[in-house]
Amino acid sequence: MVATNDTIAAIATPPGRGGVGIIRLSGVDAPKIAKQLLAKGSHAHDLGIREARFSSFLAEDGALIDSGILIYYPQPASYTGEHVVELQGHGGRVVMSMLLDRVIALGARQARPGEFTERAFINNKIDLVQAEAVAGLIDSVSSQAARSAVRSLEGEFSRNINDLLQRLVNLRMFVESVLDFPEEEIDFIHGAEVKEKLSDCVDELGKILKGAQQGAMLGEGLRLAIVGRPNVGKSSLLNRLAGREAAIVSKTPGTTRDIVEENILIEGAPLNILDTAGIRESQDDIEEEGIKRALNAVSQADIVLLMVEHEKDIGREEQTVLDMCPDNVTMVIVRNKIDLADNKQALLDKNRGETEVFLSAKTGEGIEDLVQCLKTIMGLNNTGEDVCMARTRHLNALSETKEFLKRGLQHLGNVNTLELLAEDLRLSQKSLGVITGNFVADDLLGEIFSKFCIGK
Ligand code: GDP
Numbered sequence: 138m139v140a141t142n143d144t145i146a147a148i149a150t151p152p153g154r155g156g157v158g159i160i161r162l163s164g165v166d167a168p169k170i171a172k173q174l175l176a177k178g179s180h181a182h183d184l185g186i187r188e189a190r191f192s193s194f195l196a197e198d199g200a201l202i203d204s205g206i207l208i209y210y211p212q213p214a215s216y217t218g219e220h221v222v223e224l225q226g227h228g229g230r231v232v233m234s235m236l237l238d239r240v241i242a243l244g245a246r247q248a249r250p251g252e253f254t255e256r257a258f259i260n261n262k263i264d265l266v267q268a269e270a271v272a273g274l275i276d277s278v279s280s281q282a283a284r285s286a287v288r289s290l291e292g293e294f295s296r297n298i299n300d301l302l303q304r305l306v307n308l309r310m311f312v313e314s315v316l317d318f319p320e321e322e323i324d325f326i327h328g329a330e331v332k333e334k335l336s337d338c339v340d341e342l343g344k345i346l347k348g349a350q351q352g353a354m355l356g357e358g359l360r361l362a363i364v365g366r367p368n369v370g371k372s373s374l375l376n377r378l379a380g381r382e383a384a385i386v387s388k389t390p391g392t393t394r395d396i397v398e399e400n401i402l403i404e405g406a407p408l409n410i411l412d413t414a415g416i417r418e419s420q421d422d423i424e425e426e427g428i429k430r431a432l433n434a435v436s437q438a439d440i441v442l443l444m445v446e447h448e449k450d451i452g453r454e455e456q457t458v459l460d461m462c463p464d465n466v467t468m469v470i471v472r473n474k475i476d477l478a479d480n481k482q483a484l485l486d487k488n489r490g491e492t493e494v495f496l497s498a499k500t501g502e503g504i505e506d507l508v509q510c511l512k513t514i515m516g517l518n519n520t521g522e523d524v525c526m527a528r529t530r531h532l533n534a535l536s537e538t539k540e541f542l543k544r545g546l547q548h549l550g551n552v553n554t555l556e557l558l559a560e561d562l563r564l565s566q567k568s569l570g571v572i573t574g575n576f577v578a579d580d581l582l583g584e585i586f587s588k589f590c591i592g593k
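The following block contains the structure:
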């Protein structure tokens, strides 16, 4: 882990013009540097403690760089846990960089992205989940995402993880004590007790994982692919969904050349629509290439809308896509062009389930039903106030832990495999610990913090 015996500095406010610009200093020399910045001659300055002090920030030759507010937070009661000084000057690019140059000349070093938060983590002010929530809050694209990030920042997600971790530690201690004293072999009663506790942990983990999936979705969005034969109405539907709230956030190239991602917000939750341009272009009804592309889109999606014309049967191509859809992908069959049907209302009345929706991309009838269906799939219809922001990294660790625990349950059945159970408990403890940062490799830390902005 990085040594923190130096003092870092950065402009904490966004670049550009603003009423106020803030420079943040953190480290052992922060108060000394601040005093020198204020000093004229040898006059010693009292910085005050967590007090706003109107001050003159001076160049080496005593010329005024700027005047503004200085606040000193002595360690450990600061964001980073170190001595922190905040200089609030005027928010201009040049004046801010002059001030930053000056504190660097006085002995500070330019901070790397996220380095203040990294120090807060190193000094145990926050854990890794909370550090990531800081970035999540800054990057939130919706109010729901921001609220979930604050909940993680307040430690709710970490508490759930730590509670579970504690239960696993207790179980492991018990199992290991039995191993240490083999003559007291795990008896029937204790075996049942361990099994019950372990099953409870698996259930609890399932709950945390579900919440985390929703939290990750709020932050990162789900990926939706629309597949179907040419002319079935895929691009019309895409335009309907995208235009519905005029909320196209951005167009980004997808992971393959022929897939473009269109990001829309549904009730504030990002939905990344995979625009499979390739399938649209194909003109043959039965076209292997089209199926290949559809399957490619399906393999990258969380939700697939399989479009057919309402009166038509599901054909061979659609069936192929349905059959090859992985378990973790939610498939909805969208029956389009109901405006052409005589029994339109009867078809619309069928829109209750989550697996099939009748609509008209042309007139918009039934679109609201599809949106409701998507909201249910995205978990937005039951958003309690308890979703915490999570990341893919957390989901992977939680899934891994679940596998270890399930394997442990199998090993429990046999006295001879108790050692394997102990090992599974150890591994699950370790993979849970990766989430909050108890067990974490330096390169992972580097990767996490490098995505932060400078000055945070
Ligand atoms: P794609 O090839 O699957 O992307 O289909 P398009 O969205 O380009 O639509 C193909 C044709 O079907 C266009 O002429 C659309 O206007 C028409 N179309 C799409 N949706 C509907 C619908 O709900 N009702 C009717 N009547 N026509 C539609």
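Under the numbering used here, residues 138 to 593 are what the sequence shown spells out, in order. Every residue gets a Cβ at the ideal spot worked out from N, C-alpha and C, and that includes glycine. Keep in mind it's a predicted model, so treat the numbers as computed, not measured.
1. Nearest to residue 312 by alpha carbon, out of 334, 342, 294?
2. Measure from the alpha carbon of residue 379 to the alpha carbon of each residue in 575, 498, 235, 458, then state which is nearest.
3. Does residue 222 come out as helix, strand or coil in the three-state DSSP assignment?
4. Quick one: what's got a C-beta closer than 7 angstroms to residue 105's C-beta in the same chain, skipping five residues either side?
5. Cβ of residue 328 within 9 angstroms of Cβ of residue 549?
6. Please state whether DSSP places residue 298 in a helix, a strand or coil.
7. For residue 342, which residues of its own chain have a beta-carbon under 8 angstroms away from its beta-carbon, when the five flanking residues on both sides are left out?
8. In this structure, how does DSSP classify residue 383 when only helix, strand and coil are distinguished?
9. According to the neighbour-count rule (16 or more other Cβ atoms, all chains shown, within 10 Å of its Cβ), is residue 505 buried or exposed?
10. How about residue 195 and residue 240: are their beta carbons less than 9 angstroms apart?
11. Under the criterion of a Cβ to heavy atom distance below 8 angstroms, does residue 474 qualify as lining the ligand GDP?
12. Any heavy atom of the ligand GDP inside 8 angstroms of the beta-carbon of residue 498?
13. Looking at chain C, is there any beta carbon in it that lies within less than 9 angstroms of the beta carbon of residue 564?
14. Looking at the structure shown, is residue 194 part of a helix, part of a strand, or coil, going by DSSP?
15. Our contact map puts residue 254 next to residue 593 with C-beta atoms below 8 angstroms; I'd like the distance itself, whole angstroms only.
16. What residues are listed by DSSP as bridge partners for residue 281?
17. Residue 469 and residue 493 look like a contact to me (Cβ under 8 angstroms); what is the Cβ gap, rounded to whole Å?
18. For the alpha helix (DSSP H) that contains residue 536, what are its first and last residues?
19. What number of angstroms, rounded off, separates the C-alpha of residue 215 from the C-alpha of residue 491?
20. For residue 249, verify whether its CB is less than 8 angstroms away from any heavy atom of the ligand GDP.
21. Could you tell me which residues DSSP pairs with residue 227 in its beta bridges?
22. Is it right to say residue 168 is buried, meaning 16 or more other beta carbons lie within 10 angstroms of its own, or is it exposed?
23. With residue 591 and residue 248 assumed to form a contact (beta carbons below 8 angstroms), what rounded beta-carbon distance in angstroms separates them?
24. Relative to the C-alpha of residue 432, which candidate in 454, 287, 450, 445 has its C-alpha closest?
25. Provide the residue(s) that pair with residue 463 in DSSP beta bridges, ordered along the chain.
26. For the beta strand (DSSP E) that contains residue 494, what are its first and last residues?
27. Would you call the CB atoms of residue 227 and residue 157 closer than 9 angstroms?
28. Tell me, which residues are paired with residue 163 by DSSP?
29. Would you tell me roughly how many angstroms separate the C-alpha atoms of residue 224 and residue 346, rounded to the nearest one?
30. Jot down the residue ranges of each uninterrupted alpha helix (DSSP H) in the stretch 434-460, minimum 4 residues, whole runs only, in chain order.
31. Take residue 154 and list the residues in its own chain whose beta-carbon comes closer than 8 angstroms to its own, dropping the five residues that flank it on each side.
32. Can you tell me whether residue 297 is buried or exposed? The criterion is at least 16 other CB atoms within 10 Å of its CB, across all chains shown.
33. For residue 429, count neighbouring C-beta atoms within 10 Å of its own C-beta (all shown protein chains included) and say buried if the count is 16 or more, exposed if not.
34. Return yes when the C-beta of residue 452 is under 8 angstroms from any heavy atom of the ligand GDP, and no when it is not.
35. Beta carbon of residue 203, beta carbon of residue 236: below 9 angstroms?
36. With hydrogens ignored, establish whether the beta-carbon of residue 444 is closer than 8 angstroms to any heavy atom of the ligand GDP.
From the atom records:
1. Within the sequence shown, residue 312 is the residue found at index 175, counting from 1. Minimum Cα distance to residue 312 is reached at 334.
2. Counting from one through the sequence shown, the residue named residue 379 turns up at place 242. If we check each option's Cα against that of residue 379, 498 comes out closest.
3. The residue given as residue 222 occupies position 85 in the sequence shown. Of the three classes helix, strand and coil, the one that applies to residue 222 here is strand, per DSSP.
4. One cannot answer for residue 105 here, as it falls past the ends of the chain, which runs 138 to 593.
5. On the sequence shown, position 191 is the one that residue 328 refers to. On the sequence shown, position 412 is the one that residue 549 refers to. Contact flag set, yes.
6. By 1-based counting over the sequence shown, the position of residue 298 is 161. If DSSP states are grouped into helix, strand and coil, residue 298 belongs with the helices.
7. Residue 342 sits at position 205 when you count from the first residue of the sequence shown. These residues qualify, in order along the chain: 301, 535, 538, 539, 542.
8. Counting from 1 along the sequence shown, the entry for residue 383 is found at position 246. Confidence is the limiting factor: at residue 383 the pLDDT is only 35, short of 50, which leaves the residue's position unreliable, though a coordinate-based value still follows. Of the three classes helix, strand and coil, the one that applies to residue 383 here is coil, per DSSP.
9. As a working mapping, residue 505 is identified with position 368 in the sequence shown. It is exposed - the Cβ of residue 505 has fewer than 16 other Cβ atoms within 10 Å.
10. Residue 195 sits at position 58 when you count from the first residue of the sequence shown. Residue 240 sits at position 103 when you count from the first residue of the sequence shown. Taking 9 angstroms as the Cβ cut-off, residue 195 and residue 240 do not qualify as a contacting pair.
11. In the sequence shown, counting from the first residue as 1, residue 474 sits at position 337. Answer for residue 474: yes, Cβ within range of the ligand GDP.
12. Here residue 498 refers to the residue found at position 361 of the sequence shown. Indeed, a heavy atom of the ligand GDP lies less than 8 angstroms from the Cβ.
13. Considering every chain present, this structure includes no chain C. It has just one protein chain.
14. Position 57 of the sequence shown, counted from the start, is the residue given in the question as residue 194. Residue 194 falls in the strand class under three-state DSSP.
15. In the sequence shown, counting from the first residue as 1, residue 254 sits at position 117. In the sequence shown, counting from the first residue as 1, residue 593 sits at position 456. About 6 angstroms; that satisfies the 8 angstroms criterion.
16. Translated into the one-based positions of the sequence shown, residue 281 becomes position 144. Residue 281 pairs with nothing; no bridge assigned.
17. Working through the sequence shown from its first residue, we reach residue 469 at position 332. Working through the sequence shown from its first residue, we reach residue 493 at position 356. About 7 angstroms; that satisfies the 8 angstroms criterion.
18. Translated into the one-based positions of the sequence shown, residue 536 becomes position 399. Residues 529-549.
19. Taking the sequence shown and counting its residues from 1, one reaches residue 215 at position 78. Taking the sequence shown and counting its residues from 1, one reaches residue 491 at position 354. In a straight line, the C-alpha of residue 215 is about 49 angstroms away from that of residue 491.
20. In the sequence shown, counting from the first residue as 1, residue 249 sits at position 112. Checking every heavy atom of the ligand GDP against the Cβ of residue 249, none is found closer than 8 angstroms.
21. Counting from 1 along the sequence shown, the entry for residue 227 is found at position 90. According to DSSP, which records beta bridges pairwise, residue 227 is partnered with 157.
22. As a working note, residue 168 is residue 31 in the sequence shown. With 16 or more Cβ atoms within 10 Å of its Cβ, residue 168 is classed as buried.
23. Numbered from 1 along the sequence shown, position 454 holds the residue referred to as residue 591. Numbered from 1 along the sequence shown, position 111 holds the residue referred to as residue 248. Yes, they are in contact, since the Cβ atoms of residue 591 and residue 248 sit about 7 angstroms apart, within 8 angstroms.
24. Within the sequence shown, the letter at position 295 stands for residue 432. For the residues 454, 287, 450, 445, the minimum Cα distance to residue 432 belongs to 454.
25. As a first step, residue 463 must be located in the sequence shown, where it is residue number 326. According to DSSP, residue 463 bridges with nothing at all.
26. Residue mapping note: residue 494 aligns to position 357 of the sequence shown, counting from 1. Counting along the chain, the beta strand (DSSP E) containing residue 494 begins and ends at 493-495.
27. Within the sequence shown, residue 227 is the residue found at index 90, counting from 1. Within the sequence shown, residue 157 is the residue found at index 20, counting from 1. Closer than 9 angstroms, so yes.
28. Residue 163 sits at position 26 when you count from the first residue of the sequence shown. The partner list for residue 163 (beta bridge, DSSP) reads 145, 221.
29. As a working mapping, residue 224 is identified with position 87 in the sequence shown. As a working mapping, residue 346 is identified with position 209 in the sequence shown. Those two C-alpha atoms are separated by around 42 angstroms.
30. none
31. To locate residue 154, count along the sequence shown from 1; it is residue 17. Contacts found: 228, 229, 230.
32. To locate residue 297, count along the sequence shown from 1; it is residue 160. Its Cβ being crowded by 16 or more others within 10 Å, residue 297 is buried.
33. Working through the sequence shown from its first residue, we reach residue 429 at position 292. Answer is exposed; the Cβ neighbour count stays below 16.
34. Position 315 of the sequence shown, counting from 1, holds the residue named residue 452. No, since every heavy atom of the ligand GDP falls outside the 8 angstroms radius drawn around the Cβ of residue 452.
35. One-based indexing of the sequence shown puts residue 203 at position 66. One-based indexing of the sequence shown puts residue 236 at position 99. Going by C-beta atoms, residue 203 is nearer than 9 angstroms to residue 236.
36. Along the sequence shown, read from residue 1 onward, the residue named residue 444 stands at position 307. It does: the Cβ of residue 444 is within 8 angstroms (strictly closer) of some heavy atom of the ligand GDP.
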